[in-house]
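Using my numbering, the letters of the sequence shown correspond one by one to residues 24 to 261. Contents: one structure, followed by commentary.
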Amino acid sequence: MSLSPPVSLAVVVAEKDLRHRCEVADYLAEHGVTAFVAGDIADLEILLAHERIDLVVADMSLPGGDGLSICRNLRRRRDLAIIVTSGGLTEAERIVALELGADDAMAKPYSLRELLARIRAVLRPPPPPPPPGPQDQLHFAGFAYRPTRRQLMSPKGEATVLAAAEARLLMTLLAHPHTLLSRETLIASEAPSSDVRAIDQKVSRLRRRLNVPGERSVILTRRGAGYLLDCDVVRRAS
């Protein structure tokens with residue numbers, strides 16, 4: 024059940040207590056968040072399968088599973104953020120939850136205002152890395168890229184000079200590895216005349232540049248949400 028019109032930020036409140044989960048969801052919706060609710064693990068799995076979700080606020084005692092398995096299972100979804108909640112959360116429980124992949128942990132009862140602030144903090148995009156120096160190379164998935172020359176070196180050592188638009192798109196993706204970037208974010212990094220169709224075409228061309236026979240694409244598509252660079256990026260001086 025969605026409690027607000029669709030916006031860019033979507034959160035599931037997975038809470039066993041009906042009154043509390045509705046209270047939390049209503050508050051989030053009032054502050055511009057698309058809030059979904061789940062009363063047990065089964066409801067949560069259905070939402071994750073059918074909706075684009077950015078973050079789950081997960082009650083550690085949610086029916087259908089234990090707190091540790093909830094963290095472990097949710098963490099398998101790389102592009103999903105997790106805040107776990109629990110009554111009387113001890114320091115040891117908080118540490119275990121964080122080690123299992125939770126992005127944050129809150130003890131109940133908690134302030135709704137603080138929860139919203141923590142959601143925004145968890146989902147805040149990381150700052151971009153400093154601009155590369157003249158000799159810097161960015162290494163990812165077997166490729167080496169020299170931004171100042173727009174030169175892409177394939178795993179086989181074949182060099183290609185990217186077009187300016189391809190280079191801008193690649194640098195945006197390299198600046199945010201393992202991060203889902205919406206089409207709107209990619210458009211903002213392009214020329215003002217860019218649109219969704221143009222971005223999709225540029226991603227398609229860049230995918231062909233990065234194609235390695237027998238390997239899956241490092242640029243993943245999240246239908247209705249955007250694109251994600253699914254590899255680590257390392258900066259090295261050449």
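Heads up, the beta-carbon is just placed ideally off N, CA and C, and yes, glycines get one too. These numbers were taken from a predicted model, which means no experiment stands behind them.
Start and end residues, alpha helix (DSSP H) containing residue i
i      : result
Arg117 : Glu114 to Glu122
Ala65  : Ile64 to His73
Asp223 : Val219 to Arg232
The beta strand (DSSP E) enclosing residue i, as first and last residue numbers
i      : result
Leu161 : Asp159 to Phe163
Leu243 : Ile242 to Arg245
Ala260 : Val257 to Ala260
Leu139 : Looking at the DSSP string, Leu139 is not in any beta strand (DSSP E); the run it does join, the alpha helix (DSSP H), is Leu135 to Leu146.
Leu209 : Run containing Leu209: none in the beta strand (DSSP E); it sits in the alpha helix (DSSP H), Arg206 to Ala211.
Ala125 : Ala125 -> no beta strand (DSSP E), and no H or E assigned at all.
Val80  : Leu78 to Asp82
Proximal residues to residue i (C-beta, below 8 Å), its chain only, five neighbours per side dropped
i      : result
Leu230 : The residue asked about is misnamed: residue 230 is Arg in this sequence, not Leu. Excluding residues within five positions, the ones whose Cβ falls inside 8 Å are Ser240 and Ile242.
Gly165 : Ser177, Pro178 and Val235
Leu146 : Leu32, Asp77, Leu78 and Ala104
Beta-ladder partner(s) of residue i, from DSSP
i      : result
Gln174 : Arg169 and Val184
Ser109 : Ala130
Ala61  : Ala37
Gly249 : Arg245
Leu203 : Leu251
Ala52  : Per DSSP, none; premise fails for Ala52.
Ala104 : Leu78
Cβ neighbour criterion (16 or more within 10 Å) applied to residue i
i      : result
Val79  : buried
Glu53  : exposed
Gly249 : buried
Ile142 : buried
Leu251 : buried
Ala260 : exposed
Ser216 : Residue confidence for Ser216 is low, a pLDDT of 49 falling below 50, so the modelled location carries little weight; the figure read from the coordinates is stated next. Counting Cβ neighbours within 10 Å, Ser216 comes out exposed, since fewer than 16 surround it.
Ala65  : exposed
Glu38  : buried
Gln224 : exposed
Val257 : exposed
Leu41  : exposed
Ala144 : exposed
Asp125 : According to the sequence shown, residue 125 is Ala rather than Asp. Looking at its Cβ environment, which holds 16 or more other Cβ atoms inside 10 Å, Ala125 is buried.
Asp82  : buried
Gly88  : buried
Contacts around residue i, its chain only, beta-carbon distance under 6 Å, and the 5 residues preceding and following it disregarded
i      : result
Val35  : Phe59, Ala61, Leu70, Ile76 and Val79
Ser205 : Gly249
Cutoff 7 Å; reference residue i; Cβ partners in own chain excluding five residues on either side
i      : result
Leu193 : Tyr168, Leu185 and Leu229
Leu121 : Ala128
*Are the stretch 104-117 and the stretch 129-139 touching by the rule of at least three beta carbon pairs closer than 8 Å?*
Output reads yes: the stretch 129-139 touches the stretch 104-117.
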